[in-house]
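Working notes, beginning with the structure itself.
In the numbering used here, the protein residues as written are 53 to 333.
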């Protein structure tokens, strides 16, 4: 018996968290100088509503003390665990967890645990965690750790935003770029490579950028047909459902999970975010 741990960088559904018995560590959100814990003292919908009201949320990594408390309770129980962490390129949480783990290893030299940088985020991390969780149900701890390590770098993320305004507020793009982009409805199409956000292209128009996301997905058709997909949205279920319909018109997925993108990502991308994740290798 062993425990799987992840964090709110993974946009899993509540039912999936319960089904797989996952333990979730909360990333932090700051609004009007008040600190909240994602999924505990604040919900994603609250963050999106605050952004619509003109507020600019900030995020912070999981505190070392919270990680230590989580790890220690399993170590004291003699329970091996695997922590599947939010990309170390997007948050300091992974490095903090490694530091805490090294400290605890000295105190519990015979303990068994692994801290893995998934190099993913949002629904990509959710797909990663769900896949490992399903595998773990019929395999040993050692097999599960090896399997999880083999998945790193194999998930494709594609996402876009409703408006560049929110990226501008967070300093991701300049005011001038955001103004021109919104004026002409020029939207970025981005992916995640080696854990980092990477722009692919700029597309004019909301419908066209959704079509381009489908086209990119269809290019991987031999790899993704009958596969598992996650579609995430920034408090816009109607858009997610429309996008799911477009995907199903071109592919025959085994399963699609639609989920609300959490505060960790949503605080930087804003309402209207759309993201898809699937295994590409």
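Backbone N, C-alpha and C define an ideal beta-carbon position, used for all residues, glycine too.
Only a predicted model underlies this, so the values are computations on that prediction, with no experimental measurement involved.
When secondary structure is reduced to three states using DSSP, residue 160 falls in the coil class, being assigned neither helix nor strand. The Cβ atoms of residue 257 and residue 291 do not sit closer than 8 Å to each other.
In this structure residue 299 is in contact with residue 305, their Cβ atoms being roughly 7 Å apart against a cut-off of 8 Å.
Around residue 146, the same chain offers 137, 138, 139, 140, 167 and 169 as residues with beta carbons nearer than 8 Å, after the five sequence neighbours per side are excluded. Here the alpha carbon of residue 294 sits roughly 18 Å from the alpha carbon of residue 241. Exclusion of the five residues before and after residue 94 leaves 81 and 88 as the residues of its chain whose Cβ lies within less than 6 Å of its Cβ. For residue 330, the uninterrupted beta strand (DSSP E) run begins and ends at 326-331, by DSSP.
Residue 187 is positioned such that its CB atom lies no closer than 8 Å to that of residue 164. For residue 69, the enclosing alpha helix (DSSP H) stretches over residues 66-71. In its chain, beyond the 5 residues on either side, 82 have a beta carbon closer than 6 Å to the beta carbon of residue 110. Going by DSSP, residue 137 is part of the beta strand (DSSP E) stretching over 133-137. Three or more beta-carbon pairs separated by less than 8 Å are not found between the segment 151-164 and the segment 73-80, which leaves the two stretches without contact.
In this structure, DSSP gives residue 54 a state outside helix and strand, which the three-state scheme calls coil.
Within the model, the alpha-carbon separation for residue 267 versus residue 288 is close to 21 Å. In this structure, residue 62 lies away from residue 197, with their beta-carbon atoms at least 8 Å apart. Uninterrupted beta strand (DSSP E) stretches at least 3 residues long and entirely within the segment 251-316 occur at 280-285 and 307-312, given in chain order. The C-beta of residue 143 has 16 or more other C-beta atoms within 10 Å across all chains shown, which makes the residue buried. Listed in chain order, the alpha helix (DSSP H) elements of length 4 or more contained wholly in the segment 93-148 are 96-104 and 116-128.
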